[in-house]
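Student: If you read the sequences in order, they're chains A and B.
Numbering-wise, the first sequence is residues 1 to 413 according to my numbering.
Numbering-wise, the second sequence is residues 414 to 826 according to my numbering.
Quick reminder that beta carbons are idealized off the backbone N, C-alpha and C, glycines included.
There are 2 protein chains.
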Amino acid sequence: MAEMKNSIDTSLRERALRVVPGGMWGHLHANRLPEGYPQFFARAEGCRLWDVDGRSYLDFMCSWGPNLLGHHHPEVEAAAERQARLGDCMNGPAEAMVELAELLVDTIGHADWAQFQKNGTDATTTCVTIARAGTGRRKLLAARGAYHGAVPWCSPSVVGVTSEDRAHILYYEFNDAESLSAAAKEAGDDLAGVLVSAYRHDLSRDQELPTAEFALAARAACDAVGAALILDEVRAGFRLALAGSWERLGVRPDLAAWSKAIANGYPLAAVTGREWLRKAASQVFVTGSFWCGAVPMAAGVATLGVMRRGGVVEHLEAMGTKLRNGIDAAAARHGIRLRQSGPVQMPLILFEDDADFAKGTLFCQTALARGVYFHPRHNMFLSAAHGEAEIDEALAAADAALAAVASARQTAA
Amino acid sequence: MAEMKNSIDTSLRERALRVVPGGMWGHLHANRLPEGYPQFFARAEGCRLWDVDGRSYLDFMCSWGPNLLGHHHPEVEAAAERQARLGDCMNGPAEAMVELAELLVDTIGHADWAQFQKNGTDATTTCVTIARAGTGRRKLLAARGAYHGAVPWCSPSVVGVTSEDRAHILYYEFNDAESLSAAAKEAGDDLAGVLVSAYRHDLSRDQELPTAEFALAARAACDAVGAALILDEVRAGFRLALAGSWERLGVRPDLAAWSKAIANGYPLAAVTGREWLRKAASQVFVTGSFWCGAVPMAAGVATLGVMRRGGVVEHLEAMGTKLRNGIDAAAARHGIRLRQSGPVQMPLILFEDDADFAKGTLFCQTALARGVYFHPRHNMFLSAAHGEAEIDEALAAADAALAAVASARQTAA
Numbered sequence: 001m002a003e004m005k006n007s008i009d010t011s012l013r014e015r016a017l018r019v020v021p022g023g024m025w026g027h028l029h030a031n032r033l034p035e036g037y038p039q040f041f042a043r044a045e046g047c048r049l050w051d052v053d054g055r056s057y058l059d060f061m062c063s064w065g066p067n068l069l070g071h072h073h074p075e076v077e078a079a080a081e082r083q084a085r086l087g088d089c090m091n092g093p094a095e096a097m098v099e100l101a102e103l104l105v106d107t108i109g110h111a112d113w114a115q116f117q118k119n120g121t122d123a124t125t126t127c128v129t130i131a132r133a134g135t136g137r138r139k140l141l142a143a144r145g146a147y148h149g150a151v152p153w154c155s156p157s158v159v160g161v162t163s164e165d166r167a168h169i170l171y172y173e174f175n176d177a178e179s180l181s182a183a184a185k186e187a188g189d190d191l192a193g194v195l196v197s198a199y200r201h202d203l204s205r206d207q208e209l210p211t212a213e214f215a216l217a218a219r220a221a222c223d224a225v226g227a228a229l230i231l232d233e234v235r236a237g238f239r240l241a242l243a244g245s246w247e248r249l250g251v252r253p254d255l256a257a258w259s260k261a262i263a264n265g266y267p268l269a270a271v272t273g274r275e276w277l278r279k280a281a282s283q284v285f286v287t288g289s290f291w292c293g294a295v296p297m298a299a300g301v302a303t304l305g306v307m308r309r310g311g312v313v314e315h316l317e318a319m320g321t322k323l324r325n326g327i328d329a330a331a332a333r334h335g336i337r338l339r340q341s342g343p344v345q346m347p348l349i350l351f352e353d354d355a356d357f358a359k360g361t362l363f364c365q366t367a368l369a370r371g372v373y374f375h376p377r378h379n380m381f382l383s384a385a386h387g388e389a390e391i392d393e394a395l396a397a398a399d400a401a402l403a404a405v406a407s408a409r410q411t412a413a
Numbered sequence: 414m415a416e417m418k419n420s421i422d423t424s425l426r427e428r429a430l431r432v433v434p435g436g437m438w439g440h441l442h443a444n445r446l447p448e449g450y451p452q453f454f455a456r457a458e459g460c461r462l463w464d465v466d467g468r469s470y471l472d473f474m475c476s477w478g479p480n481l482l483g484h485h486h487p488e489v490e491a492a493a494e495r496q497a498r499l500g501d502c503m504n505g506p507a508e509a510m511v512e513l514a515e516l517l518v519d520t521i522g523h524a525d526w527a528q529f530q531k532n533g534t535d536a537t538t539t540c541v542t543i544a545r546a547g548t549g550r551r552k553l554l555a556a557r558g559a560y561h562g563a564v565p566w567c568s569p570s571v572v573g574v575t576s577e578d579r580a581h582i583l584y585y586e587f588n589d590a591e592s593l594s595a596a597a598k599e600a601g602d603d604l605a606g607v608l609v610s611a612y613r614h615d616l617s618r619d620q621e622l623p624t625a626e627f628a629l630a631a632r633a634a635c636d637a638v639g640a641a642l643i644l645d646e647v648r649a650g651f652r653l654a655l656a657g658s659w660e661r662l663g664v665r666p667d668l669a670a671w672s673k674a675i676a677n678g679y680p681l682a683a684v685t686g687r688e689w690l691r692k693a694a695s696q697v698f699v700t701g702s703f704w705c706g707a708v709p710m711a712a713g714v715a716t717l718g719v720m721r722r723g724g725v726v727e728h729l730e731a732m733g734t735k736l737r738n739g740i741d742a743a744a745a746r747h748g749i750r751l752r753q754s755g756p757v758q759m760p761l762i763l764f765e766d767d768a769d770f771a772k773g774t775l776f777c778q779t780a781l782a783r784g785v786y787f788h789p790r791h792n793m794f795l796s797a798a799h800g801e802a803e804i805d806e807a808l809a810a811a812d813a814a815l816a817a818v819a820s821a822r823q824t825a826a
């Protein structure tokens, strides 16, 4: 990929390496991506990104979730600018905080109230704290391998983490009602809550929607002892169903954690909850210097306003279906076996016989060279700005990328 | 205070009470302030705020820290708007992230590198995780009563917190070298770090600058076993000394946590560290959906740019001194005994014989009615937008407020 001439990106990486440990940190580190992917970005518009070397990409990561309606969505930007001219970080919230809480309560099936934070991790951590406060118990059930944030109690890494940080966490297998029941039994009458992702979107493995049986078992395990069912909607929230990802299953959580897409890229997170946990939520001490910032609240009000007019989730599904079908058809044409899993609006493409992700890497690198930004191992995201023409453009790149995978297989054989 | 007619504020509080537990949460909850203080704000400019009922305040809380240069500072706003037109939350950082890290490393005495987060709590938690990763040890020393954030390991509340969350934290008394040494001895060769605030700014008690003896003892306790000295600069950072609050003591930390004022109100936090912890910082997994947001980074670059031109800290000191001297003089005139403590640019006014804060409350309410927003128990903050005229205005209100306190004493006597 040396011919791509990432000269400014390379020089920024060199500068960064001097002043940032490892040159970057966390999930946006380009070392988690195939070679050739840019680390630094110059511009974003709709569903397109420009890197610092001026190359443009049709983007399928959507900032790893936050970009729901398209970068610089006019209604969201107008609301944010209007609020910014008035004030953002003040001695207390603006009216937008109340409006956003009202909208969430009115929109989300289980929500009797809402509280706001900045990070998805703030929201999941707050849910756990509220569940413990509301039940007076300690044990938390979480799915093995699920991502719920990047602090010691839930980080995917144990570097710098002590065993006490996870002392009261018991693990079950997603979509395995029996393992959940066994963990609940082990927690016994010390069970404070069951934490579960809206659907299984663990890195590097097929995505799985929850079965009705599993969702009902999670609900029943909580109801049996008065524990809180905590739904982690940080990643999936607002893309699957506006009222909540488990509404279609007829299972409502007691608490839910939201972030990423909630304000179309403005930094915001939220916890929603049911009446019985309102008092506990008012008793825990959770706060942050910027949590009442009015600009993200105004952006959230505008984002939810657009979503509530309807059609966005349907559009994401239609475009996701077109992408999935198109890639399946192209894969068949090229004789490539691959698996697409999870909700179509949050695509994941994994190749058969690809334990080292060599096929996925070649697929993504070839698409990237044609201006389409896919991810080989992490679920991707669609935005409202992805239309028919963009999906056709992506499918053309995917076709070429699958041809490259097929050709590499020929060469290897 | 009923005559103040907070009618819109009251109606917003009623709406909030239905959809937000307790109507509000955290440190910005108006129930932590005397009656009459507004909960909701409509507008901010320089060092002034307008509440939703149209009343304006000369503000001495500065959004509890973030407002360092004044709301809508033209250079900061121009930089933020320029970046916002390009892109904010993208698939990776913008060049501004590197620029800001370079500026921090160039500005802050101990800093060999920087990493970014959103909340002050993110920064302190990241410091602790890096210290544990870098030392392979677990114990952390913290000052009893110090505020380092609002998650279970450090929250001022234990509601929803388990004892394991604080299993490895040992407490010492601020400015008490002996108690620190005793705690370090107890931690023994499991000591990962010593966490200490830039100065003592615990709620409801006199502020204390660290003594050189104490700072040196903290440094020595770390050096003796190779632990990390972690300075919490979240509240004091950029107001006392640009290169770091302990530079004047000749004591450099290994890690420091920054937030609040770093981007003049835009949501951002940072950790800075020394070379020996660079590898550990690259190994821990810490991340957030909005941590690479380019607009707050650009605002941070502009804020640091203004600060590095010099004069702001000196201005804050001059205005803080004028305020402190003026209040002392007014108190003497009215025969009121009060204590002003800590750095002049972060004022705290406590009254003698005021265990129930009745005097402080009356003082603040009277000033508020005259359009000056003080706090009776928490340290306050000055901004670069507070000039001579504003301090004179504040002193006029303070004079009337002290007269009210004197008059109430007469009545009681």
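So, A294(A) versus Q83(A), is the Cβ gap smaller than 7 Å?
Tutor: Yes.
Student: Who are the near neighbours of S617(B) in its chain, counting only those whose CB is closer than 6 Å to its CB and skipping five residues on each side?
Tutor: Closer than 6 Å at the Cβ level, and outside the excluded window around S617(B), lie R790.
Student: May I ask which residues mark the beginning and end of the alpha helix (DSSP H) holding T272(A)?
Tutor: No alpha helix (DSSP H) holds T272(A); the beta strand (DSSP E) holding it covers 269 to 273.
Student: Determine, for Q83(A), whether the minimum Cβ-Cβ distance to residues of chain B falls below 7 Å.
Tutor: Not one chain B Cβ lies under 7 Å of Q83(A).
Student: What number of angstroms, rounded off, separates the C-alpha of L402(A) from the C-alpha of R333(A)?
Tutor: C-alpha separation (whole angstroms): 9 Å.
Student: For V785(B) and P565(B), what's the separation of their Cα atoms in angstroms?
Tutor: For V785(B) and P565(B), the distance between alpha carbons rounds to 35 Å.
Student: Helix, strand or coil, according to DSSP, for R43(A) in the structure here?
Tutor: Three-state DSSP puts R43(A) in a strand.
Student: For F351(A), which of helix, strand or coil comes out of DSSP?
Tutor: Of the three classes helix, strand and coil, the one that applies to F351(A) here is strand, per DSSP.
Student: Distance, Cα to Cα, A556(B) vs A656(B)?
Tutor: One C-alpha to the other measures close to 23 Å.
Student: Is the number of C-beta pairs between the stretch 115 to 129 of chain A and the stretch 447 to 465 of chain B that are closer than 8 Å three or more?
Tutor: Too few Cβ pairs lie closer than 8 Å, so no.
Student: Does S341(A) get closer than 7 Å to chain B when you measure Cβ to Cβ?
Tutor: With 7 Å as the cut-off, S341(A) does not count as an interface residue toward chain B.
Student: Skipping 5 residues on each side, what residues in its chain have a beta carbon closer than 6 Å to that of D812(B)?
Tutor: Hits under 6 Å: A743.
Student: From P267(A) to P74(A), what distance separates their C-alpha atoms?
Tutor: Approximately 18 Å, taken between the alpha carbons.
Student: Give the straight-line distance between the Cα atoms of M1(A) and G149(A), rounded to the nearest whole angstrom.
Tutor: Below a pLDDT of 50, predicted positions are generally treated as unreliable, and M1(A), at 43, falls in that range; no measurement from the model is reported.
Student: Should Q778(B) be labelled buried (16 or more other beta-carbon atoms within 10 Å of its own) or exposed?
Tutor: Flag for Q778(B) reads buried.
Student: For the alpha helix (DSSP H) containing I327(A), list its first residue and its last residue.
Tutor: First-last of the alpha helix (DSSP H) with I327(A): 312 to 333.
Student: Identify which residue in K772(B), G733(B), R613(B) has its Cα closest to the Cα of F764(B).
Tutor: Closest by alpha carbon: K772(B).
Student: Helix, strand or coil for K552(B), going by three-state DSSP, please let me know.
Tutor: K552(B): strand per DSSP, three-state reduction.
Student: So, W291(A) versus F116(A), is the Cβ gap smaller than 7 Å?
Tutor: Contact flag set, yes.
Student: Taking Cβ positions, are S860(B) and S163(A) nearer each other than 7 Å?
Tutor: Within the shown structure, residues of chain B are numbered from 414 to 826, placing residue 860(B) beyond reach of any answer.
Student: Is T542(B) close to chain A, meaning its C-beta is less than 7 Å from at least one C-beta of that chain?
Tutor: Yes, its Cβ sits closer than 7 Å to a Cβ of chain A.
Student: Applying the 10 Å Cβ sphere with the 16-neighbour rule, what's the burial state of D59(A)?
Tutor: The residue is buried, with at least 16 neighbouring Cβ atoms inside 10 Å.
Student: Scan the stretch 91 to 119 of chain A for residues whose Cβ lies nearer than 7 Å to a Cβ of chain B and list them as they occur along the chain.
Tutor: Cβ contacts with chain B come from N91, G92, P93, A94, E95, V98, A101, E102, V105, W113, A114, Q115, K118, N119.
Student: Report the neighbours of G288(A) on chain B: residues whose CB is nearer than 8 Å to its CB, in chain order.
Tutor: The answer, in chain order, is G439, K531, N532, G533, T534, A563.
Student: Under DSSP, the beta strand (DSSP E) around V458(A) begins and ends at which residues?
Tutor: Outside the modelled stretch of chain A, which goes from 1 to 413, sits residue 458(A), for which no answer is possible.
Student: Would you please state the rounded distance, in angstroms, between the beta carbons of L209(A) and Y172(A)? I believe it to be under 8 Å.
Tutor: Contact flag wrong, Cβ pair sits at about 17 Å.
Student: Kindly list the residues whose CB is nearer than 8 Å to the CB of W477(B), restricted to its own chain and excluding five residues on each side of it in sequence; keep chain order.
Tutor: Contacts found: H440, L441, K673, H791, F794.
Student: Interface residues of chain A around A694(B) at Cβ under 9 Å?
Tutor: Those within 9 Å of A694(B) in chain A are V20, P21, G22, W25.
Student: Between the alpha carbons of P21(A) and T548(B), how many angstroms are there, rounded?
Tutor: The alpha-carbon atoms of P21(A) and T548(B) are separated by roughly 16 Å.
Student: State the CB to CB distance for the pair G739(B) and L808(B), rounded to an integer number of angstroms; the pair is presumed to be in contact (CB under 8 Å).
Tutor: 4 Å between Cβ atoms; contact.
Student: Report yes if the C-beta distance between A712(B) and V489(B) is below 7 Å; otherwise report no.
Tutor: Yes. Within cutoff.
Student: Are the C-beta of R551(B) and some C-beta of chain A separated by less than 7 Å?
Tutor: So yes, R551(B) belongs to the interface.
Student: Can you list, in chain order, the residues of its chain whose CB lies under 6 Å from that of G109(A), leaving out five sequence neighbours each side?
Tutor: The answer, listed in chain order, is A243, G244, E247, R252.
Student: For I643(B), which beta-bridge partners are listed by DSSP?
Tutor: Its beta-bridge partners are L608(B), L668(B).
Student: What in chain B is Cβ-close to L304(A), meaning under 9 Å?
Tutor: Those do not exist, as L304(A) stays about 13 Å from chain B at its closest Cβ, beyond 9 Å.
Student: In whole angstroms, what is the alpha-carbon distance linking T361(A) and G226(A)?
Tutor: The straight-line gap from Cα to Cα measures roughly 46 Å.
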